[in-house]
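One structure below.
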Amino acid sequence: MNASGTSVHRRSALRSGAGAALAGALATGCTDGHDAAGTSTKTSAGTPTNAPAQATGRSDAGARPPAPRPAPVPHRFPGQPVQIDHGPRNRPRVALTFHGQGDPAVARAVLAEAERAHARVTVLAVGSWLDEHPGMARRILDGGHDLGNHTQSHADISAMGEAAAYAEITGCAQRLRRLTGSIGTWFRPSRSRYATPLVQRLASRAGYPHVLSYDVDSLDFTSPGAAAVTRKVTGEIRNGSVVSLHFGYADTVAALPVLLSEIDSRQLRAVTTTELLT
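The working numbering applies: residue 15 is where the sequence shown begins, and numbers increase by one.
Structure follows, in structure tokens:
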């Protein structure tokens, strides 16, 4: 088969895989893969390799579960501005970032598509979403992805006074810390591409040296169809790009296989935002 035929076959297979992944995820309903106490009920590929080995000759019934993957903390990147909208333009890497809220089944389908393509992403979670689906925090981290803060209620933080805006940032940070031991690696303001100077100062006070923006907006939240999402991103993405995407939209899941295939064909790697800047 020639190169063109191989590409078509590959994209067709990826689209089929996306449909199967979404259907499978939706069939599971809204469970998070965790029991009522928040303990994982399934093994993750992200389990640390240094987790204690099971002793031979003993039943697994009473075995202690492996220690959870440590949650990364925010980092200061020297030479980077407080508000970051892209990474280095001289390295073939991009960061796909997802606003974390919506149906957790769709969120899991997004993560599964990324992992199938050996991609890592950044999720900026809404605190109220974590309240409803606490198991998603560990699911994201165990997949090797970045997890950050997208405010507590996803209200318009730029229109708030200082006390209310700070409560939005710290409310989500507290939930992340309770669930993972860390306030998350990044903060992104809600309802705004860029943080105001006040929000930047408040984020710094809460423990986030940088505010994460983006240079490519997929507009997937407008539900324009998978093809439109793919065209928008592939038409603008380049070395160092940070792409804004969302959990909760079927178009996003359907677009991911072709989008990730296109990223690969351009010799780019989809990495976490931390990896993008490291």
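We put the CB at the ideal spot given by N, CA and C, even for glycine.
Proximity to residue i [Cα-Cα], best of the options
i      : options                        : result
Val267 : Arg283, Val124, Phe112         : Val124
Val225 : Gly116, Arg134, Thr287         : Thr287
Leu216 : Ser227, Phe201, Leu259         : Phe201
Phe112 : Ala139, Thr292, Trp143         : Ala139
Leu282 : Gly262, Pro92, Leu110          : Leu110
Gly262 : Arg122, Ile277, Pro95, Tyr228  : Arg122
Ala131 : Pro271, Leu290, Leu291         : Pro271
Gln10  : Asp117, Gly158, Ile197, Leu273 : For the chain, the structure presents residues 15 to 292; residue 10 sits outside this window and is missing.
His168 : Arg103, Leu144, Thr136         : Leu144
Gly239 : Asp229, Thr248, His260, Asp265 : Asp265
Pro203 : His100, Gly116, Tyr222         : Tyr222
Gln115 : Asp99, Leu193, Glu146, Pro88   : Glu146
Glu250 : His100, Glu289, Pro95          : His100
Asp170 : Asn104, Ser206, Pro102, Val87  : Ser206
Tyr208 : Glu289, Val87, Pro95           : Pro95
Ala269 : Thr244, Pro88, Cys186          : Thr244
Distance between residue j and residue i (C-alpha atoms, nearest Å)
i      : j      : result
Asn163 : Arg219 : 14 Å
Ala1   : Asp160 : Because the chain is modelled from 15 through 292, residue 1 falls outside the range shown and cannot be assessed.
Arg189 : Arg90  : 22 Å
Asp231 : Ala119 : 23 Å
Ala173 : Met150 : 29 Å
Gln97  : Val257 : 15 Å
Leu291 : Ala177 : 31 Å
Glu182 : Leu212 : 13 Å
Ala126 : Gly157 : 9 Å
Lys246 : Leu233 : 8 Å
Ala128 : Val285 : 10 Å
Thr236 : Glu276 : 22 Å
Leu273 : Thr248 : 7 Å
Thr184 : Ala241 : 37 Å
Arg192 : Leu155 : 14 Å
Thr210 : Val137 : 21 Å
Leu259 : Asn104 : 23 Å
Gly93  : Val87  : 19 Å
Ser142 : Cys186 : 8 Å
Glu289 : Gly175 : 34 Å
Thr194 : Pro148 : 10 Å
Asp117 : Pro102 : 33 Å
Residue environment, residue i, which counts as buried when at least 16 other CB atoms sit within 10 Å
i      : result
Arg153 : buried
Ser279 : exposed
Gln214 : buried
Thr57  : Caution is warranted here: a pLDDT of 35 is assigned to Thr57, below 50, making its placement in the model unreliable, and the coordinate value is therefore given only provisionally. By the 10 Å Cβ count, Thr57 comes out exposed.
Ser255 : buried
Arg252 : exposed
Arg134 : buried
Arg107 : buried
Tyr180 : buried
Thr42  : Only weak support exists for where Thr42 lies, its pLDDT of 35 falling under 50; the value from the coordinates is given anyway. Per the 10 Å Cβ criterion, exposed.
Tyr228 : buried
Thr199 : buried
Thr63  : With a pLDDT of only 33 at Thr63, under the threshold of 50, the placement of this residue in the model should not be trusted; the figure read from the coordinates follows. Exposed.
Ala65  : Note that Ala65 scores a pLDDT of 35, beneath 50, so its modelled location is shaky; the value from the coordinates is reported in the next line. When all chains shown are included, Ala65 counts as exposed.
DSSP beta-bridge partners of residue i
i      : result
Gly162 : Leu138
Arg107 : Arg283
Ile98  : Leu226
Ser255 : His100
Gly114 : Ala139
His260 : His113
Phe201 : Asn163, Val225
The ligand ADP heavy atom lying under 7 Å from the CB of residue i
i      : result
Ser227 : Ligands displayed in this structure: none; no statement on the ligand ADP is therefore possible.
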